[in-house]
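*Asks:* Supplied in structure tokens, the structure appears directly below.
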Ligand SMILES: [Zn+2]
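Residue numbers (this note's numbering): 756 to 912.
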């Protein structure tokens with residue numbers, strides 16, 4: 756399942772990426788019509804909170820109108836309505852670029868803080884922006900929230 760999140764759902768898009776989903780976000784300036792067309796071409800479900808978008812003729816079968824306003828509730832709504840698995844493939848995509856991460860080559864690890872370098876890994880690298888990912892305390896906190904959502908519970912925030 757590939758997704759496109761409207762610009763109001765940028766936070767949700769990052770969490771979908773954290774769970775391993777391909778979750779695109781709009782190019783600045785894209786209007787509703789263009790976004791719906793993009794969803795069709797790229798075979799994505801377009802997630803939005805914007806009710807008028809659903810009224811477009813081309814929206815049928817492509818647009819999912821989220822009822823929930825807050826992140827935790829949206830996460831559980833996606834689990835319920837689209838069977839999103841919040842533990843599908845955690846931390847395999849860049850939170851910024853949405854690209855699939857590669858295993859980090861050993862020389863890239865020197866860019867991590869010293870304590871992080873001591874971790875067992877996995878260390879991963881974004882082929883787009885070059886950001887290095889490692890399983891530190893931030894990733895552990897994010898994983899706890901993903902685990903809560905996967906179990907159908909509200910996260911910690
Ligand atoms: Zn990136």
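Heads up, the beta-carbon is just placed ideally off N, CA and C, and yes, glycines get one too.
What's the call for residue 879, buried or exposed, on a 16-neighbour Cβ count within 10 Å?
*Replies:* By the neighbour-count rule (16 or more Cβ atoms within 10 Å), residue 879 is buried.
*Asks:* Is the separation between the beta-carbon of residue 802 and that of residue 849 shorter than 7 Å?
*Replies:* No, the Cβ-Cβ distance between residue 802 and residue 849 is not below 7 Å.
*Asks:* On the three-state DSSP scale, how would you describe residue 778?
*Replies:* It is a strand residue.
*Asks:* Between which two residues does the beta strand (DSSP E) harbouring residue 819 extend?
*Replies:* Counting along the chain, the beta strand (DSSP E) containing residue 819 begins and ends at 818-820.
*Asks:* What are the boundary residues of the beta strand (DSSP E) that residue 800 is part of?
*Replies:* That run of the beta strand (DSSP E) goes 799-803.
*Asks:* Taking all protein chains shown into account, decide if residue 796 is buried (16 or more other Cβ within 10 angstroms of its Cβ) or exposed.
*Replies:* The residue in question, residue 796, is exposed, as its Cβ has fewer than 16 Cβ neighbours within 10 Å.
*Asks:* Work out the CA separation of residue 906 and residue 832 for me, nearest whole Å.
*Replies:* If I take the Cα positions, the gap works out to 13 Å.
*Asks:* In chain order, what residues of the same chain lie with their CB nearer than 7 Å to the CB of residue 887, ignoring the 5 residues before and after it?
*Replies:* Only 859, 863, 866, 867, 878 and 880 meet the Cβ criterion.
*Asks:* Closest to residue 898 by CA distance: which of 762, 771 and 757 is it?
*Replies:* With distances taken between Cα atoms, residue 898 lies closest to 771.
*Asks:* Do residue 775 and ligand 1 come close, with the Cβ less than 6 Å from some heavy atom?
*Replies:* Flag unset: Cβ of residue 775 not near ligand 1.
*Asks:* Does the pairing of the segment 868-875 with the segment 836-854 give three or more beta-carbon distances under 8 Å?
*Replies:* No, the segment 868-875 does not touch the segment 836-854.
*Asks:* With hydrogens ignored, establish whether the beta-carbon of residue 883 is closer than 6 Å to any heavy atom of ligand 1.
*Replies:* Yes - ligand 1 has a heavy atom lying nearer than 6 Å to the Cβ of residue 883.
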